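**Q**
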Amino acid sequence: MERVVELAAERLDWLFRGLLEHWGPQHWWPGETPFEIMVGAVLTQNTAWTNVERAIANLRRADALDAEAIAGLSPQALAEHLRPAGYFNVKARRLQAFCRWYLAQGGFEALRAQPTERLRAALLDVHGIGPETADDILLYAFERPVFVVDAYTRRLFARLGWIPESTGYEPLRRAVERALGPDVPRLNELHALIVQQGKTTCRPKPRCAACVLQAQCRHAGLPGSDGTTAREDR
DNA sequence: ACCCAGGGTCATA
DNA sequence: TATGACCATGGG
Numbered sequence: 007m008e009r010v011v012e013l014a015a016e017r018l019d020w021l022f023r024g025l026l027e028h029w030g031p032q033h034w035w036p037g038e039t040p041f042e043i044m045v046g047a048v049l050t051q052n053t054a055w056t057n058v059e060r061a062i063a064n065l066r067r068a069d070a071l072d073a074e075a076i077a078g079l080s081p082q083a084l085a086e087h088l089r090p091a092g093y094f095n096v097k098a099r100r101l102q103a104f105c106r107w108y109l110a111q112g113g114f115e116a117l118r119a120q121p122t123e124r125l126r127a128a129l130l131d132v133h134g135i136g137p138e139t140a141d142d143i144l145l146y147a148f149e150r151p152v153f154v155v156d157a158y159t160r161r162l163f164a165r166l167g168w169i170p171e172s173t174g175y176e177p178l179r180r181a182v183e184r185a186l187g188p189d190v191p192r193l194n195e196l197h198a199l200i201v202q203q204g205k206t207t208c209r210p211k212p213r214c215a216a217c218v219l220q221a222q223c224r225h226a227g228l229p230g231s232d233g234t235t236a237r238e239d240r
């Protein structure tokens, strides 16, 4: 879990270039302001983005897309707005915990003055903010040079044969950051491209025949890799 | 009628 | 420290 993971820089370059050429720039994060990006980061936990958009639209329609309004709503009223995003009771509590913290810290400008590691630790102390949500916020709202590891990343890298499926969050994050360097636009684009690849091609039932990476992927050609048979674990 | 989605917390062994 | 239950809507 805490073993150091090694990822050669040229492998990451190859991945980045291949995905970028195939999919084009992804223009992430979908969100208009840093605060909206942070709200989206919480709401998208284990949830399809289309559902998150509905919840954010509800907040906007209620003129409640700011920290004071969200913190001031009753948990029940907030949960109603969040309903389309799923887990609405859980997320209402998490969003209010986040907004109370955000206001107590003095808002965006005050937070932006903090060094990345300190900000990251503070985010992780907020109830409902785990490593991925914290890194979403750091990268896409505060434009800090961190890599966001998600389920797509782990699945893709494991199928490529680069890491064991069980690799922990921090070792994987460090490995990618080491290989890519502190390049915010590239860290932004790589995560976005991996999500695109994971949603369309490197799915739970992979579509290896349509995959730009198949020539270098250990998984291509395995049972189930054409998506017509059962998953490889059955 | 399934399976899945840009996770995190909490209880248990 | 590591696994498992739980949270819940909406699209394919």
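Here the numbering used here is used: the first residue of the first sequence is 7, the next is one more, and so on. Think of the CB as a built atom: it goes at the ideal place given N, C-alpha and C, for glycine as much as any other residue. All of these numbers come straight from a predicted model, not from anything done at the bench.
At which residue ranges does the stretch 163 to 230 contain complete alpha helix (DSSP H) runs of 4 or more residues, listed in the order of the chain?
**A** 175 to 186, 190 to 206
**Q** Do the stretch 213 to 228 and the stretch 163 to 172 touch if we need at least three Cβ pairs shorter than 8 Å?
**A** Touching, per the Cβ criterion.
**Q** Note down the Cα distance separating Arg129 from Arg17, rounded to an integer number of angstroms.
**A** Residue numbering aside, residue 129 sits at position 123 when the first sequence is read from its first letter. Residue numbering aside, residue 17 sits at position 11 when the first sequence is read from its first letter. Residue 129 is actually Leu in this sequence, not Arg. Computed Cα separation, rounded: 31 Å.
**Q** Quick one: grab the DSSP three-state call for Pro81.
**A** Along the first sequence, one-based indexing puts residue 81 at 75. Helix, per DSSP.
**Q** Would DSSP call Thr122 helix, strand or coil?
**A** Taking the first sequence and counting its residues from 1, one reaches residue 122 at position 116. DSSP places Thr122 in helix when its eight states are reduced to three.
**Q** With a floor of 4 residues, list each alpha helix (DSSP H) that falls wholly inside the stretch 39 to 97, ordered by position along the chain.
**A** 40 to 49, 55 to 67, 73 to 78, 81 to 88
**Q** Could you spell out the range, first to last residue, of the alpha helix (DSSP H) harbouring Pro137?
**A** Against the first sequence, residue 137 aligns to sequence position 131. 137 to 142 is the extent of the alpha helix (DSSP H) around Pro137.
**Q** Helix, strand or coil for Asp131? Go by DSSP, reduced to three states.
**A** Residue numbering aside, residue 131 sits at position 125 when the first sequence is read from its first letter. Annotated three-state conformation of Asp131 is coil, per DSSP.
**Q** Using the Cα positions of His33 and Ser80, report the straight-line distance between them to the nearest angstrom.
**A** What you label residue 33 is simply residue 27 of the first sequence in a count that begins at 1. What you label residue 80 is simply residue 74 of the first sequence in a count that begins at 1. Rounded to whole angstroms, His33 to Ser80 spans 34 Å at the Cα level.
**Q** Using the Cα positions of Leu196 and Gly78, report the straight-line distance between them to the nearest angstrom.
**A** What you label residue 196 is simply residue 190 of the first sequence in a count that begins at 1. What you label residue 78 is simply residue 72 of the first sequence in a count that begins at 1. Leu196 and Gly78 have their C-alpha atoms some 37 Å from each other.
**Q** Can you tell me where the alpha helix (DSSP H) holding Ala15 begins and where it ends?
**A** Sequence index remark: in the first sequence, residue 15 carries index 9 (1-based). Segment 15 to 29, the alpha helix (DSSP H) holding Ala15.
**Q** Is the beta carbon of His87 closer than 9 Å to that of Ala103?
**A** Residue numbering aside, residue 103 sits at position 97 when the first sequence is read from its first letter. Residue numbering aside, residue 87 sits at position 81 when the first sequence is read from its first letter. Contact: no.
**Q** Measure the Cβ-Cβ separation of Leu101 and Gly134 and say whether it is below 9 Å.
**A** One-based indexing of the first sequence puts residue 101 at position 95. One-based indexing of the first sequence puts residue 134 at position 128. Contact: yes.
**Q** If distances are taken between C-alpha atoms only, which option among Pro151, Ala185, Pro121, Gln111 comes closest to Val132?
**A** Walking along the first sequence from the start, residue 132 turns up at place 126. When only C-alpha atoms are compared, the closest one is Gln111.
**Q** Please tell me whether Phe41 and Phe153 are closer than 9 Å, where the distance is taken between their beta carbons.
**A** Your numbering for residue 41 matches position 35 in the first sequence. Your numbering for residue 153 matches position 147 in the first sequence. Not in contact: Phe41 and Phe153 (Cβ atoms no closer than 9 Å).
**Q** As a quick exercise: from Leu26, Ala147, Tyr175, pick the residue whose alpha carbon is nearest that of Val218.
**A** Taking the first residue of the first sequence as position 1, residue 218 is located at position 212. It is Leu26 whose Cα lies nearest to the Cα of Val218.
**Q** Please report the straight-line C-alpha distance between Glu138 and Glu123, rounded to a whole angstrom.
**A** As a position in the first sequence, residue 138 is number 132, starting the count at 1. As a position in the first sequence, residue 123 is number 117, starting the count at 1. Between Glu138 and Glu123, the C-alpha separation is close to 14 Å.
**Q** Rounded to the nearest angstrom, how far is the Cβ of Ala75 from that of Asp69, given a contact under 8 Å?
**A** Position 69 of the first sequence holds residue 75. Position 63 of the first sequence holds residue 69. Rounded, the Cβ-Cβ distance is 7 Å, consistent with contact.
**Q** Quick one: using the 10 Å Cβ neighbour count with 16 as the cut-off for buried, is Asp19 buried or exposed?
**A** Stepping through the first sequence from its first residue, residue 19 is reached at position 13. By the 10 Å Cβ count, Asp19 comes out exposed.
**Q** Let's test the definition: count the other Cβ atoms within 10 Å of the Cβ of Ala73 and tell me whether it reaches 16, buried, or not, exposed.
**A** The residue given as residue 73 occupies position 67 in the first sequence. Under this definition Ala73 is a buried residue.
**Q** Using beta-carbon positions only, say whether Val58 and Ala91 come within less than 9 Å of one another.
**A** Translated into the one-based positions of the first sequence, residue 58 becomes position 52. Translated into the one-based positions of the first sequence, residue 91 becomes position 85. Yes, these two residues count as a Cβ contact at 9 Å.
**Q** Inspect the beta-carbon positions of Leu193 and Ala15 and report whether they are closer than 9 Å.
**A** Within the first sequence, the letter at position 187 stands for residue 193. Within the first sequence, the letter at position 9 stands for residue 15. Going by C-beta atoms, Leu193 is not nearer than 9 Å to Ala15.
**Q** Alpha carbon to alpha carbon, how far is Gly46 from Leu65? Give it in angstroms, no decimals.
**A** Sequence index remark: in the first sequence, residue 65 carries index 59 (1-based). Sequence index remark: in the first sequence, residue 46 carries index 40 (1-based). Their backbone Cα atoms lie some 11 Å apart in a straight line.
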